[in-house]
Each structure stands twice: as C-alpha cells, then as structure tokens.
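Chains as they are written, first to last, in my numbering: chain E, 709 to 1100; chain W, 24 to 586.
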Amino acid sequence: MAQTVIDTANHIAAYAAKAARVQVVAAYPITPQTSIVEKIADLVESGEFDAEYIRVESEHSAIAACIGAAAAGVRTFTATAAHGLVLMHEPLHWASGSRLPIVMPVVNRSLGPGWNIWADYTDSMSQRDTGWIQFYCADNQEVFDTIIQAYKLCEDGRVLLPTMICLEAFILSHTYMPVKIPDQEKIDRYLPRYDPKWSLDVTNPLSHANIVSPDWYMEFRFMMHEAMENAKQLIPKIDKDYGNRFGFEYGGLVQKYNCKDADIILLTMGTMGSEAKIAVDNLRREGFNVGSARIRVFRPFPKEEIRKLAENTQMFAIVDRGISFGMEGFLAEETKASLCNQKDQPLIAGFIAGLGGRDVSFRTIEEIVRKSAKWMQNGRIEKETTWVDLRE
Amino acid sequence: MMVKLMIVVPRNRKEMPVTALSIPTVGSAGKTGFWRDFRPVKFELVSPCTYDCPAGNRLPQIFEKIRDGKHEEAGKILLETNPFPSITGRVCPHFCEKNCSRKEFDQAIAIRSIERFLGDSILEMKGESEFHGISMELDKRIGIIGSGPTGLSAGYYLRKLGYKVTIIEREKRLGGMLTYGIPSYRLPKKIVEKELTALTKLGIKTETGKAIGKDVDFEGIRKEFDAVLLATGAWAEKEIGISGEELMISGLGFLKEVSEGLSTPPGETIAVIGGGNVSVDVARTLKRLGAKPTIVYRRTENEMPAINEEIIKAEEDGVAFRFLTQPIDVMETNGKIVIRCVKMRLGEPDASGRRRPIAITDSEFILRFDAAIKATGEKPDVTWIPQMFLNEHGWILADSVTGVVKDNVFAAGDVLSGPATVVGAITAGRRIARSIDQYLRGQEMSPEELLERPMKSAEMNIAHYELRKRECNPVLSPDERTKSLDKEETSGLDLGSVEIEVNRCFSCGYCRACSICWIFCPDCAIDLNENGKPEFDYDYCKGCGICSNECPCGVIMMEREER
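Take a look at the structure:
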C-alpha cells in the first residue's frame, strides 16, 4: 500500500534516495540542504537505509567520492546547495564526462555576498553547461517522483548523464506537504538494480578519465550532447509511464496549464509555476486569456516544446528567479534563443522576480500578466527585462 | 610479465566506449605498466665489508638476523665462512671496517665487536652436530698436519661434510699460533679451548706431540689417509744475517714459553727487534712481566706491519720505540747485550709499497740492553717435508688455485703463503676443504667464485639515516692491563650496543626490509613479501625510478625496458 507522509521536501528527498535503493551517499551539509543528509544519516544509522554513508570535508570531496562510487558501479546520491554546488563545479564536469548517473538534489539558494540563504536559481543556473540534466520541481511530491524518475532516466544506456533535482530553499525544502510514497515493491519493479555499462573492478582493472587526443575528444563531446538529446526524447515517456504506474505525471519537459487558447503564456519554473496556476485561474475569471507553461527540465532545454507554444500565442511573459548579469533572466535567454529563425514570433517580456528568497506569490504573477497584457495590446513591449517590485 | 599493447581503433562513434576508458577496445586494460621505459629490478651486490673481509663474511645478512633477534640463524650464516668468530672477533685486524660506507657518514660499524658477540653467544652450541647440520658420515679419512687456524678451519669444514678428520700436532697442545703465539690478554686461552672442545665433540680426532719425520713417517701418513693437508704455518725465524744474531732470543719462542708458564723476563731492559705483530706482542708481554721493552725498527711507525691499534696500545702501555734504527751487530759484554746500530732514512717506496730504509753513512751508535729479542719475520719450517715437494727456494710446490701439492697431498695457510692473519689462515682452511672434498668426490676442482665489485655508497640513498656514534668496547686502562698477563684487556659489547650497531648498518647492497620503496612508490606498484622485501608489480609500475632513487641500500636498479 502506498503511504502518505506529511514532511518537508528535504526529508522527502531522503526517502526517495532510500526508495531508489541508493548504495552510496557522500554529502556535506549546507543550509538549506542539511536536513536531506541528516535524514539520510538517521536512516542509514538506524539500518532502515542500507547504504554506505561517506562523511567528507567539503562538497568537492562529496562529489569526488560519488564519482568514485559511481565508477565502481553502484547507485550514488548526494545533495547540496548554493556555495556547495559552485565548489563542486570542476568535478561536476568529471562526473558528466565520465558518464556517471549520479543523482543530486540541489536546494536552490542565492549566492553571497550578501550572505543569504533563501531561494534563488543562480546557483544551479550557473552550472547549466556542466553536462548535468536539470529538473526543477514545483512541490514535494514532484521532488520524490523526480528523484525516482531521474535514476530511471540517467541510468538508461542512451543517456548516462548525472542529474540535478532542483528545489527552492525553504519554499519547498522546509515546508511540510503531504506526499504519497509508493510501495517499495512497485518501486523496485520500476527501478531495478543499477547495471553499469562500465565500472572499476580490481579483478579486471581499467582506468577512466584518461587522456584523449584531439583526434577523439570531439566525438566524446558529441556523444554527451547526443545523450542530452536522447534524454529529451525519454523524459516525456518516462514521466507518462511513471504516471501510469504511480499516479503522478508532470507533463514531461513542460507542464502546461490552459495554454491551448492562451494569448499570453507565462513561462516559469519551480514553485512559481504553482503560483502561476492560481494566477491563471484568477485572471481567466477576469477575462484574461492566459495560460501557464512551467519549464520542468532546463537541461536538456525543451526547445521544440517552446516553439510549439509560440506558434499559437501572442506573447510570452517569462519570470526568472535569477539573472545572468549583463544579459537577462536565464529562461528568457534560452526561450529567445529557441525561437531564433522561427516565423511569427510572439512578443517576449522578461521579468526578474524573487531573488534571494523574495516572495513571488500569485498576486505578483497577476501583476506581471496585467502589465504584459497592456504591452500586447500596444503591439510592443516597453521593457525587455523588468525587475519586479524593485525599489526606486 | 610484459603487458601486451593492444590498440583497437574504433571505426566509428558506435564502436567508441561511452567515455574515455582504457579498456581492451582502446588500450591495454588499464595496466599502466606499459607506459614504462625503465623497470626497477633487484640488484644486490656485496657490501664493502663482505668484499674486504678475507673470509667473505656475509655481514649484512648476519646483521639482518640479529636485528630480527635470530642470533642462532645469524651464527649459522657466519659459520658458513668463518668457523671461529669468537677468535677473529678479538684478534682480526678488521679489514671489514676499512671501507665501511658508514665511515664517511660518521663512524664505521663496530663489525668485529658484533662478530665477537655472536661468536661468544654461539660458543656453547658449537659442539652439537645438529647445530652445524652434519647429517651423514663419509668413509674417507683426512689427515691434517698442523692444528693452527688453517688446519682447524679445514678440519671443521671437512667434518661438516661428513669426513673422518684427524689433526696431527707436533706440540703438546692444539691451536698453533692461537695457543702459542697470540698473547692471552688479547685472546684468552679459555676461548681457544672452548673452540677446540667443540671441534673434538664434532668428532674430529686429534693426535698431539707427534712430529712428522720424527715420531711418524710422512709416507706412512700419506698412505694412511685418503687426503693429507700440510698446514703447519710459519714458525721458522728469518735470519737477519748479522754477527752475534744467535745472542738474541727468538720472539716466537719467547711467546711460546710465556704461554707455557714463563713469568720472568730475560732482563729489565730488553730490545725487541722488528715492527711486526710478533714484535709488538713480545714487547707488550714483556711490559706485563715487568720489563722495560724497546722496539727497535729500521723504518718509522707508519711502515710498521703490525696491527695499528696494537701499536697504539703498545705506546699507551709504555713500550719505548727506536725508529729508523738498524742493528748491524750484536755482542755480549759483561752480561749486557750491546747492539751496534746505524741510523736510517727513508727512500723511495719498495716492492711492498713501504718506503725503503737507507743507511746514513757514519751514523753508527751503540745501544745497551739486558737482553734482545728478535722478531723480524717468520717463514715456513719445511725441514720435515720431502724435497720432492719443494722448489729451489724451499717453498712448497702447490697449485696456487687448488692447493694440490701432489696426488692426495694438499697445502694451505701460512706454510704456503708465509705469515699472515688468523682470518687469512681460516679462509685458506675453508678453501682447501673445498678442494679436498672435490678431489675425494672425483669432481673437477674449482675455486670459490670471486666476489663482484662491492656496492658504493654513491649508489645508496643515505639521506634516510641519522647520525649515531659507534658503540665502543670497554678497554682496561694501561695501568690496569699491564698488571696482568692473562686478563683480557678488551671486553665485548653487550646486546644493547650490538643492536645499536646492527641498526646503524647501512646494509650496503643488501635489502634491509626498510619498506621505504613501498612507502614512496606513487603507483602502489610495490608489494612487500613475507620478509618485508619488495616485489614489483610490473602491471602498474610506470618506471618512475623513485624506488631506486630512495633505496637506502642501493638494491633497486632501473633497467631499460625492451619492447
């Protein structure tokens, strides 16, 4: 029997690791991720979770230990946030280049200074080119389900890339929500033991991450890119299959809500997507023809889905919880890039909101839509990027 | 095992591995050993001490056993090359310490003292056949004429092989120079007796008081035994060739008399003519009998053939020296010995490498003493040996390699070479035992193999050692030691000091199981075997050479890899 628990996303992430029968966990605590690894430590200590828990002295070592464990052919898990993630930057490339299917929740938190522990996507966005798959979750149930799905996806021989499960600090990490945890037996049937394509074995030695000459390097890189493209094909299928088995489905790469006839489509990520749905309902009652598309997977980027949405709408209002200094919001950038060379492009307005944990409620989003609707009526946008609720 | 390099080049992306892997499709199974251009190999050479020891004692191997607390095993290794370590451990001029690598670092290892400690600690076990591994009895009988160190050593090694050995001695007591020559303050008689008792216990027969040619017939001996060894040493005194020479007492004769109980000197002031070991032994013995000896020598202290530390001790004892002084005749006047001498100066080096003494014209002078003792060198006494075995100079005709004189007659030691050291005599005994054994088995006779060059300290990494002073044997003060003839003047080292010394040893050319190579190897490509010595894992050794560079014993050499 599936079990419903009411718990924080962090604890739920720990339960998901246990449900996935992860064999090695190496992690270093950092706010707001700490309660994930604390919970895992408890579960391992009590014997409920049969894993090797490696204590390390930094995030760099945590991911290095995971690389070693994954290279030895076991299912591996870690979790981090903010400065911990950016400290991992260099070995993140080693993990993806070695094609090791490590799964890592990233509890999105701002980067200092000023010192701030609240929600912000700049940490994971700054790692978007490391070759890791990136999921962004909207609630605690999705955190659980995406971790299970992520192993299914990244251990697939067509993919073999590590995966980040991004969830916003406090909004999810420390917020209690009811979550349905499926029967372990059903999960085991869905997610069999990891069968590595290659692994380190003392009885049959090999070395990995060795030198590759210019003659071969490009091919290895192309294969990583190809794997991302494969992931893009597999994610909707996995999501659908998971939905059939366990009852939760998230729209594959993009979760769409009332988009079919929408003149304005809100493009958001994470919990802002949940707020956007409420805003859409409220605004539709007011007569606005608006829809919401929550981008669930940022890498691989769902270019094709964005293009399809663009075909039948007049405007994209894109809300980013992060900024690429000197350019614009990450999602706005990628969306615009996806539409390049496309006919009849919609108007695109970018909004920067919620940095450093500032609340982005449905009301904030309603204001964004009202402003966008005016610009749409005028046929042109006044500001390419608007900083929402910014002090004068 | 050579790693076979196998590169399979993928034809397209599908044939490539998912990431950069050294697997059989693109490399050689991750065995990084094939990157190597040089491979470390074990390269053991003899140590300078072993090389310089006339007996070739395998000292680093012996010290290793002492370090491990296995004294009995250490003793057995020592007995393979030297049957009487408690004797050489006292009287040897320790050629082994001359080129000790430790000498340049701080001080040479006290090798002789360790030998003495080990020799003394196994003395009690030496009478047991099992200790020496005598497992079979052979039918062949061997007669050894002479019971000095050569005869005893040959007897020991032949007995060890299972032969029936009889030692025939002219004197009443066994031991030759060990009993009658070397004074007991240097070599206590009880040590010699213990060694002799052990040999008797092993089954060696001895017949004393039997002089060949007088008490027994030489030809009879030849027939009685399957092999006969002439090992009678060098007891005849050389003539100086000056008038009145017969007025001087024989040096060896004097030492022999003292060993037999003589306790009064032949006068108060006594001249001892000569600069060798007999001369110094006589002078120091006279000092202990209350006389005032003066060593008269035609060259200087630097050219004295005697063991240097004995010369120093003689000086400490109060022995007087008259160097560059050559007696030209001797007279007896009013009960005094009057020696007419001439002053000498040193010229160019002669054949012995020492500077030749040249008489200074009109430099004659007179020395007066109560008595004079002559110790100007010895030669073999061959008067009892049939003429057919001698050359025109009166030396025994023997094969220089095998020691064969004729048919079943062999010769070895001082009787062939003239006077040498105890260790030289012991070694001659061991080598002749090999020849006799090969002869009796009907095998082709071959000498022991010569040692290769010794390990040089430049080939070792002595940075791994710490400075530590040499442990010194306690020595009686000149005042104390000159009061007694029999009191041994030098004591041995205790176990603690011996352990310090064996740990100080660099173990040149012989792995001392320090595990430094294992610690330094960056590829974990060295395993230590059950003796703590390295085994190279050539699958993973990249040939960096760090092990070879760090090895404190110099026993790892890098060899070019052949592919």
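Glycine is no exception: its CB is placed at the ideal position from the N, C-alpha and C atoms.
Practice task
Within the segment 844-903 of chain E, note down every full alpha helix (DSSP H) run reaching 4 residues or more, in order along the chain.
Solution key: You should have 848-862, 892-898.
Handout entry: Chain-ordered neighbours of proline 40 of chain W on chain E, where CB pairs are closer than 8 angstroms
Key = As a working note, residue 40 of chain W is residue 17 in the second sequence. Result: Trp906.
Handout entry: Proximity winner among W:Thr287, W:Arg454, W:Asp437, W:Ala374, relative to threonine 308 of chain W (alpha-carbon distances)
Key = Residue numbering aside, residue 308 of chain W sits at position 285 when the second sequence is read from its first letter. Here the closest residue by C-alpha is W:Thr287.
Exercise for the section: State yes or no: is the C-beta of leucine 861 of chain E within less than 8 angstroms of the C-beta of alanine 717 of chain E? Expected result: Numbered from 1 along the first sequence, position 153 holds the residue referred to as residue 861 of chain E. Numbered from 1 along the first sequence, position 9 holds the residue referred to as residue 717 of chain E. Against a cut-off of 8 angstroms, the Cβ pair of alanine 717 of chain E and leucine 861 of chain E comes out as no contact.
Problem - From E:Val851, E:Tyr859, E:Ala846, residue whose alpha carbon lies closest to that of leucine 808 of chain E - result: By 1-based counting over the first sequence, the position of residue 808 of chain E is 100. Cα-wise, what sits closest to leucine 808 of chain E is E:Tyr859.
Problem - alpha helix (DSSP H) runs contained entirely in the segment 178-248 of chain W, provided each spans 4 or more residues - result: Counting only runs of at least 4 residues, the segment 178-248 of chain W fully encloses the following alpha helix (DSSP H) elements, listed from N- to C-terminal order: 212-224, 241-247.
Handout entry: Under 7 angstroms from the C-beta of glutamate 927 of chain E: neighbouring residues of chain W
Key = Against the first sequence, residue 927 of chain E aligns to sequence position 219. Those within 7 angstroms of glutamate 927 of chain E in chain W are Arg36, Met39.
Exercise for the section: Leaving out five residues on either side along the sequence, give the residues of the same chain with a beta carbon under 7 angstroms from the beta carbon of arginine 90 of chain W. Expected result: On the second sequence, residue 90 of chain W is found 67 positions in, with the first residue counted as 1. Sequence-distant Cβ neighbours of arginine 90 of chain W in its own chain, meaning closer than 7 angstroms and more than five residues away, are Val525, Asn526.
Handout entry: cysteine 1085 of chain E - containing alpha helix (DSSP H), residue span
Key = Along the first sequence, read from residue 1 onward, the residue named residue 1085 of chain E stands at position 377. Note that residue 1085 of chain E corresponds to glutamine in the displayed sequence, not to cysteine. 1070-1086 is the extent of the alpha helix (DSSP H) around glutamine 1085 of chain E.
Exercise for the section: Measuring only between beta-carbons, confirm whether methionine 936 of chain E sits less than 8 angstroms from chain W. Expected result: Counted from its first residue, the first sequence places residue 936 of chain E at position 228. Closer than 8 angstroms to the CB of methionine 936 of chain E there is not a single CB belonging to chain W.
Problem - Closest Cα partner of glutamate 488 of chain W within the set W:Ser124, W:Phe61, W:Val578, W:Glu371 - result: The sequence position of residue 488 of chain W within the second sequence is 465, counting from 1. The amino acid occupying residue 488 of chain W in the given sequence is tyrosine; glutamate does not appear at that position. Of the candidates W:Ser124, W:Phe61, W:Val578, W:Glu371, the one whose C-alpha sits nearest the C-alpha of tyrosine 488 of chain W is W:Ser124.
Exercise for the section: Could you give the DSSP three-state label for leucine 908 of chain E: helix, strand or coil? Expected result: The residue given as residue 908 of chain E occupies position 200 in the first sequence. In the three-state reduction of the DSSP assignment, leucine 908 of chain E falls in the coil class.
Handout entry: Element boundaries [alpha helix (DSSP H), containing alanine 1018 of chain E]
Key = Counting from 1 along the first sequence, the entry for residue 1018 of chain E is found at position 310. Following the DSSP letters along the chain, one finds alanine 1018 of chain E inside the alpha helix (DSSP H) bounded by residues 1011-1019.
Problem - Below-8 angstroms beta-carbon distance, lysine 565 of chain W vs any chain E residue - result: Counted from its first residue, the second sequence places residue 565 of chain W at position 542. Not one beta carbon of chain E lies nearer than 8 angstroms to the beta carbon of lysine 565 of chain W.
Problem - alpha helix (DSSP H) runs wholly inside the segment 44-95 of chain W, at least 4 long, in chain order - result: Residue ranges of uninterrupted alpha helix (DSSP H) with 4 or more members, entirely inside the segment 44-95 of chain W and ordered along the chain, are 71-75, 82-90.
Practice task
Specify whether the segment 545-555 of chain W and the segment 135-154 of chain W touch according to this definition: at least 3 beta carbon pairs, one from each stretch, less than 8 angstroms apart.
Solution key: At 8 angstroms Cβ cutoff, the stretches do not touch.
Handout entry: CB contact flag (valine 1077 of chain E, alanine 987 of chain E, <8 angstroms)
Key = The residue given as residue 1077 of chain E occupies position 369 in the first sequence. The residue given as residue 987 of chain E occupies position 279 in the first sequence. In contact: valine 1077 of chain E and alanine 987 of chain E (Cβ atoms closer than 8 angstroms).
Handout entry: Contact test: asparagine 484 of chain W Cβ vs the ligand MG heavy atom, cutoff 7 angstroms
Key = What this structure holds is no ligand at all, so the ligand MG is not there to describe.
Practice task
Return yes when the Cβ of leucine 278 of chain W is within less than 8 angstroms of the Cβ of proline 211 of chain W, no when it is not.
Solution key: Translated into the one-based positions of the second sequence, residue 211 of chain W becomes position 188. Translated into the one-based positions of the second sequence, residue 278 of chain W becomes position 255. For proline 211 of chain W and leucine 278 of chain W, no; Cβs fall outside 8 angstroms.
Handout entry: Length-filtered (4 minimum) alpha helix (DSSP H) runs lying within the segment 420-461 of chain W
Key = Taken in chain order, the unbroken stretches of alpha helix (DSSP H) that lie wholly in the segment 420-461 of chain W and span 4 residues or more are 437-440.
Practice task
Give the single residue among W:Lys37, W:Glu38, W:Lys88, W:Arg34 whose Cα lies nearest to the Cα of asparagine 554 of chain W.
Solution key: Residue 554 of chain W sits at position 531 when you count from the first residue of the second sequence. Here the closest residue by C-alpha is W:Lys88.
Exercise for the section: My understanding is that arginine 504 of chain W touches tyrosine 208 of chain W, with C-beta atoms under 8 angstroms, so please give their C-beta distance in whole angstroms. Expected result: On the second sequence, position 481 is the one that residue 504 of chain W refers to. On the second sequence, position 185 is the one that residue 208 of chain W refers to. Tyrosine 208 of chain W and arginine 504 of chain W do touch by the CB rule: their CB atoms are close to 7 angstroms apart, below 8 angstroms.
Handout entry: Residues of its chain near leucine 474 of chain W, where Cβ-Cβ distance is below 6 angstroms and the 5 sequence neighbours each way are ignored
Key = Here residue 474 of chain W refers to the residue found at position 451 of the second sequence. Excluding sequence positions up to five before and after leucine 474 of chain W, its CB lies within less than 6 angstroms of the CB of Val69, Tyr74, all in the same chain and listed in chain order.
Exercise for the section: Return the residues of the segment 544-557 of chain W that lie within a Cβ-Cβ distance of less than 8 angstroms from chain E, sorted by chain order. Expected result: Near chain E, meaning a CB-to-CB distance below 8 angstroms, no residue of the segment 544-557 of chain W qualifies.
Problem - Buried/exposed call for alanine 394 of chain W, threshold 16 Cβ in 10 Å - result: For the purposes of this step, residue 394 of chain W is taken as the residue at position 371 of the second sequence. In this structure alanine 394 of chain W is buried. Its beta-carbon is surrounded by 16 or more other beta-carbon atoms within 10 angstroms.
Practice task
Please name the residue in W:Gln84, W:Leu82, W:Ile134, W:Pro71 whose C-alpha comes closest to that of leucine 516 of chain W.
Solution key: Within the second sequence, the letter at position 493 stands for residue 516 of chain W. By alpha-carbon distance to leucine 516 of chain W, the top candidate from W:Gln84, W:Leu82, W:Ile134, W:Pro71 is W:Ile134.
Problem - Closest by C-alpha distance to proline 890 of chain E, when choosing among E:Pro900, E:Asp853, E:Phe878 - result: Along the first sequence, read from residue 1 onward, the residue named residue 890 of chain E stands at position 182. For proline 890 of chain E, the nearest C-alpha among the options comes from E:Asp853.
Handout entry: Own chain partners of alanine 43 of chain W with C-beta closer than 8 angstroms, once the 5 adjacent residues on each side are dropped
Key = The sequence position of residue 43 of chain W within the second sequence is 20, counting from 1. Excluding sequence neighbours, alanine 43 of chain W sits near nothing in its chain.
Exercise for the section: With a 10 Å radius around its C-beta and 16 neighbouring C-beta atoms as the bar for buried, classify serine 109 of chain W as buried or exposed. Expected result: Looking up residue 109 of chain W in the second sequence gives position 86. Buried is the call here.
Problem - Three-pair Cβ contact test at 8 angstroms for the segment 782-794 of chain E versus the segment 721-729 of chain E - result: Below 8 angstroms, enough C-beta pairs join the segment 782-794 of chain E and the segment 721-729 of chain E to call them touching: three or more.
Exercise for the section: Determine, using beta carbons only, whether serine 806 of chain E comes closer than 8 angstroms to chain W. Expected result: On the first sequence, residue 806 of chain E is found 98 positions in, with the first residue counted as 1. Chain W, which has a Cβ nearer than 8 angstroms to the Cβ of serine 806 of chain E, makes this yes.
Handout entry: Cβ pair count under 8 angstroms reaching 3, the segment 327-347 of chain W against the segment 245-262 of chain W
Key = The segment 327-347 of chain W, when compared against the segment 245-262 of chain W, does not touch it at the 8 angstroms Cβ threshold.
Handout entry: Within-8 angstroms CB hit, methionine 833 of chain E to chain W
Key = Residue 833 of chain E sits at position 125 when you count from the first residue of the first sequence. Chain W contact via Cβ: absent.
Handout entry: Contacts of alanine 43 of chain W in chain E (Cβ-Cβ under 7 angstroms)
Key = Position 20 of the second sequence holds residue 43 of chain W. For alanine 43 of chain W, the chain E residues whose C-beta falls within less than 7 angstroms of its own C-beta are His916, Ala917, Asn918, Val920, Phe928, listed in chain order.
Handout entry: Selected residue, minimal CA-CA separation from alanine 486 of chain W, among W:Val405, W:Arg476, W:Asp502, W:Cys574
Key = Here residue 486 of chain W refers to the residue found at position 463 of the second sequence. In terms of Cα proximity to alanine 486 of chain W, the closest of W:Val405, W:Arg476, W:Asp502, W:Cys574 is W:Cys574.
Practice task
Please determine, among E:Glu1100, E:Thr976, E:Lys1079, the residue with the shortest C-alpha to C-alpha distance to lysine 1091 of chain E.
Solution key: Taking the first sequence and counting its residues from 1, the one referred to as residue 1091 of chain E is at position 383. With distances taken between Cα atoms, lysine 1091 of chain E lies closest to E:Lys1079.
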